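Using the UniProt record's numbering, the final residue of the sequence shown is 887, and nothing's skipped along the way.
Glycine included, every Cβ here is placed at the ideal spot set by N, Cα and C.
Treat the numbers as computed from the prediction; the structure is a model and nothing was measured.
Working notes for the structure below.
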Amino acid sequence: MPQARKYEPSEADKLAALRAYELSRIARRRAAQGDARAPDVDMSALALSGGGIRSATFSLGLMRTLSRLGLLHRFDYLSTVSGGSYIGSFIGGLYARRDGQPGMLEGVAADGVDPLGKLQVRRSIAWLRDSGNYLAPTGAGDFLYALTLLVRNWFGVQLVIGAALFLVALVAVALRLAFGSALFGPVQALAGWALPLPDTEALSPFVVMALVPAMGAVIASWSYWLTRREALSRWALPWPALGGTALVGWTACYVWRHMQTHPKAGLVIAVMAFLAFALWAMVTFHRLRAATPKGPRAQFELARAWDLVRQDLTGLQARLVRWALVLLAVGIIDSVAIFLWQMLAKTAATGGWNTSLGDAIRLSPFAAAVLVPTARWLLKQVGPVDPKSIIDRLKAMGLKAATALISVLLVLFVALFWSIAAYTVAWRVYDGALPGLPTGRTGLLWLIGLTVLLNLLLGYVAAFLNLSSLSTFYASRLRRAYLGGSNRNRFDGREMGVDKAERNDEIRISDYYGADAAPLHLINITLNETASEGSNLVQRDRHGRNLVLSPAGIITTRGTYDRLLRVHTSPPEYASTAETAALEALDKGFPANPPGEPIAMSAWVAISGAAFSTGLGAQTSIGMAMLAGLANIRLGYWWNRTRNPPGEVIGAALKKPFKLLTEVHKWPRYLLAGWQAFVAHKPWVIQIYLLGEFTGTFHGSDRQRWYLTDGGHFENTAVYELIRRKLPFIVVSDNGEDSARIFDDLANLVRKARVDFGAEIVFEDDAGLDAAVGHDKTLRSAFRALPKLAGDDDGVSSAVAMLARITYQDGSGGTLVVVKPRLAGYAPLDVLSYHYRNPIFPNEPTIDQFFDEAQWESYFRLGRLSGERVFAASETGWHPAQFKRHF
1 MPQARKYEPS EADKLAALRA YELSRIARRR AAQGDARAPD VDMSALALSG GGIRSATFSL
61 GLMRTLSRLG LLHRFDYLST VSGGSYIGSF IGGLYARRDG QPGMLEGVAA DGVDPLGKLQ
121 VRRSIAWLRD SGNYLAPTGA GDFLYALTLL VRNWFGVQLV IGAALFLVAL VAVALRLAFG
181 SALFGPVQAL AGWALPLPDT EALSPFVVMA LVPAMGAVIA SWSYWLTRRE ALSRWALPWP
241 ALGGTALVGW TACYVWRHMQ THPKAGLVIA VMAFLAFALW AMVTFHRLRA ATPKGPRAQF
301 ELARAWDLVR QDLTGLQARL VRWALVLLAV GIIDSVAIFL WQMLAKTAAT GGWNTSLGDA
361 IRLSPFAAAV LVPTARWLLK QVGPVDPKSI IDRLKAMGLK AATALISVLL VLFVALFWSI
421 AAYTVAWRVY DGALPGLPTG RTGLLWLIGL TVLLNLLLGY VAAFLNLSSL STFYASRLRR
481 AYLGGSNRNR FDGREMGVDK AERNDEIRIS DYYGADAAPL HLINITLNET ASEGSNLVQR
541 DRHGRNLVLS PAGIITTRGT YDRLLRVHTS PPEYASTAET AALEALDKGF PANPPGEPIA
601 MSAWVAISGA AFSTGLGAQT SIGMAMLAGL ANIRLGYWWN RTRNPPGEVI GAALKKPFKL
661 LTEVHKWPRY LLAGWQAFVA HKPWVIQIYL LGEFTGTFHG SDRQRWYLTD GGHFENTAVY
721 ELIRRKLPFI VVSDNGEDSA RIFDDLANLV RKARVDFGAE IVFEDDAGLD AAVGHDKTLR
781 SAFRALPKLA GDDDGVSSAV AMLARITYQD GSGGTLVVVK PRLAGYAPLD VLSYHYRNPI
841 FPNEPTIDQF FDEAQWESYF RLGRLSGERV FAASETGWHP AQFKRHF
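As structure tokens, then:
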């Protein structure tokens, strides 16, 4: 009896349940703030875009002005991405409890209150100013620490890669020996008789193996031509094509039996013709048996069945070609490796180290010392390109070519190094040059067995995926700077430097989202997806989906039709009865998967800002992925969507090894838990995931581990999720690097809002701005139509914002206020001085994450001044401080 299909609510029901839950959170938030308005009245949101510390600092200045004007508490939602998440986590941390202690802003309410003006919060802002150089606050000491970490992690990754490549090379050695042994004599005779190969020791067995899928692809291609387009009847066969195949087979058999020049080739052709017919017959029978040509749909069903036959054969051919190319590439590298190894052995045996060849061999290890830093430098050059600049376009083309070249050289260097090492060890073991080890084939089998065991052990340490990347280092620096800035323990009278970590810097997710008075913080992240069963648009163009961490859990989409998917996070420890009831109602209308890997707030913020990695969303390519992987510039995070309780048991036990040794009665339980954890994670997990990461192959939410990176790789303004919620009033601090003023981030938002939600975002022209804010000249001067803002120099116009109207799919509307960091001719002397010394300000490259005092203060002050211009009160007409639609 078929099992009942699990009920899944419609997308509309999921969104309705999510909206009801978030309205309940807004109601409690407004009550805590002393706001008597209903939760669905004048809902508003503040979005903080990506842009690293530049965006974080400018956005802080904007929020400082909003706080001084008594407007910051009016925002019900706070949506952040990348650098915006830095400062967003700081704001949220001001409300969050730590170890049961209330946050700095707990209990602050009512209009007119300046929450960021409190003495404790002003100290926190001063802490952020001191942490401008947050990646290396102590200078040389932190740089040495980072360099040590980089080198350690790079060697760790090379060990895992090397162990796998070492095993592949050993398999090649074993195949060479096995193919020449008496055991494989019949196979060798058959292969040599049917398909003569060149007699060379340097030819890899993998090259020969590549012929098998290649011949299979030819057979599948042959079978394709046996199909027919017309569907006259169920058994109307393509007799001309079948007859031609039979004729070819008969002719080949005749050649084999009667001709003396190429008899073996004739037999090969005859066998391939027979296999092509057999493959065609098997696939055709499978598909036509399912077709039921009865009634008026007979012709349609038959035509569809024949189409499926062609699809099956073409898909099989593509897979076989792919395998043939992979085996051929491995075989070529292996052939080059054995050739170089023979030259190396010959040079060592003849004492030729003082020759030019010997010099080249000795200098070859230094190639890594050149290639790896070059790869890291190339990755730092990735950035926006001005399409109007020929120099920028030529630079981008050169960068792509250099990236491809360095990637190929790195792959060859690593593969050849480990292959030559494997050949050296294997043949020394085989010849008995290593005392104490078995020799000959027995020794080689022992060596292969030990290498397999090593790979299994490495593959089981799944934590290596993230520990070997830079995500933990990045998270620790953000935790100390931004979450630490809201930690009241740092300001209780003790002197604590910016380079010192404090226990309560970290915040649990349950504590972070447990504060009623805080805005609903949506942290946007990219779920990388380049190969899955989902949308072709995602795999071909976007290469990722938006994933948001919110009070309702982790929410993303999956599949061809972007079905909403939700994963639980831990509920707040201090959850009220109302919050518990709201979560239960949400679970009924929008069911969630069980909680995944629990990670702290700093890790989520680091993921949201993981700008440089192997996965780059729409910019993902195999060249960039290989370059970033082999150079180990990996900030992304492999998040485990399912928890592993047996693994947690083992992890807890290993934290206290001495106690584990004394608790002998618990050893059976630990052994069982270890086996269960091993089965759950599956062996070779590291190698499989690293291979996918280095080739830019990500499976979205289809696999156990999801590869998460900077939310800006999908949408960099942080407005995307707010459009999904159809909010009537949105303010965005758009701080992406845009020195060319081509508004790529806004264009991407407009496109995705239309495609995904059916929402139209139209920016007001001069006539629209005159109608909306023309009643106040001062306010009107702060706004500019988009084309003119793109063309104006900073000194020509005092405009810092744009205004757009949103028309949602259901006919409702909304207002979008876009605040841009612009030096609009009214800045104080210190900001102007900084601009004179750094003309690209305020659009300095995002790669610059080391701010000094002047740089930090310039962006902070510019944000404050922009807020004062945009949110200035007006006695007549509409103005943004009303938090209402402008039309």
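By the 10 Å Cβ neighbour count, where 16 or more other Cβ atoms means buried, how is residue i classified, buried or exposed?
i           : result
residue 397 : exposed
residue 661 : exposed
residue 99  : exposed
residue 667 : exposed
residue 889 : Any property of residue 889 remains undetermined from this structure, which presents the chain solely from 1 to 887.
residue 435 : exposed
residue 326 : exposed
Report the option in the options whose CA atom is closest to the CA atom of residue i.
i           : options               : result
residue 882 : 9, 28 and 42          : 42
residue 321 : 213, 452 and 103      : 213
residue 401 : 543, 707, 425 and 623 : 623
residue 612 : 481, 857, 526 and 545 : 526
residue 589 : 761, 565 and 596      : 565
residue 85  : 688, 716, 431 and 450 : 716
residue 323 : 54, 206 and 513       : 206
residue 532 : 692, 586 and 431      : 692
residue 746 : 763, 758, 756 and 702 : 763
residue 490 : 87, 19, 67 and 124    : 124
residue 432 : 446, 419 and 420      : 446
residue 476 : 504, 314 and 450      : 504
residue 10  : 719, 569, 561 and 782 : 561
residue 163 : 129, 420 and 344      : 420
Kindly identify the DSSP beta-bridge partner or partners of residue i.
i           : result
residue 638 : 707
residue 593 : 567
residue 775 : None; residue 775 has no bridge partner.
residue 802 : 818
residue 550 : 553
residue 143 : Looking at the DSSP assignment, residue 143 forms no beta bridge with any residue, so it has no partner.
So, using beta-carbon positions, are residue i and residue j closer together than 8 Å?
i           : j           : result
residue 469 : residue 636 : yes
residue 75  : residue 94  : no
residue 804 : residue 818 : yes
residue 713 : residue 596 : no
residue 221 : residue 172 : no
residue 841 : residue 823 : yes
residue 21  : residue 722 : no
residue 334 : residue 169 : yes
residue 30  : residue 37  : yes
residue 849 : residue 135 : yes
residue 737 : residue 51  : yes
residue 509 : residue 483 : no
residue 735 : residue 58  : yes
residue 72  : residue 63  : yes
Three-state secondary structure (DSSP) at residue i?
i           : result
residue 808 : coil
residue 75  : coil
residue 24  : helix
residue 524 : strand
residue 101 : strand
residue 584 : helix
residue 886 : coil
residue 88  : helix
residue 529 : strand
residue 889 : This structure cannot settle anything about residue 889, because the visible part of the chain is limited to 1 through 887.
residue 335 : helix
residue 434 : coil
residue 760 : strand
residue 823 : coil
residue 535 : coil
residue 850 : coil
residue 557 : strand
residue 46  : strand
residue 545 : strand
residue 622 : helix
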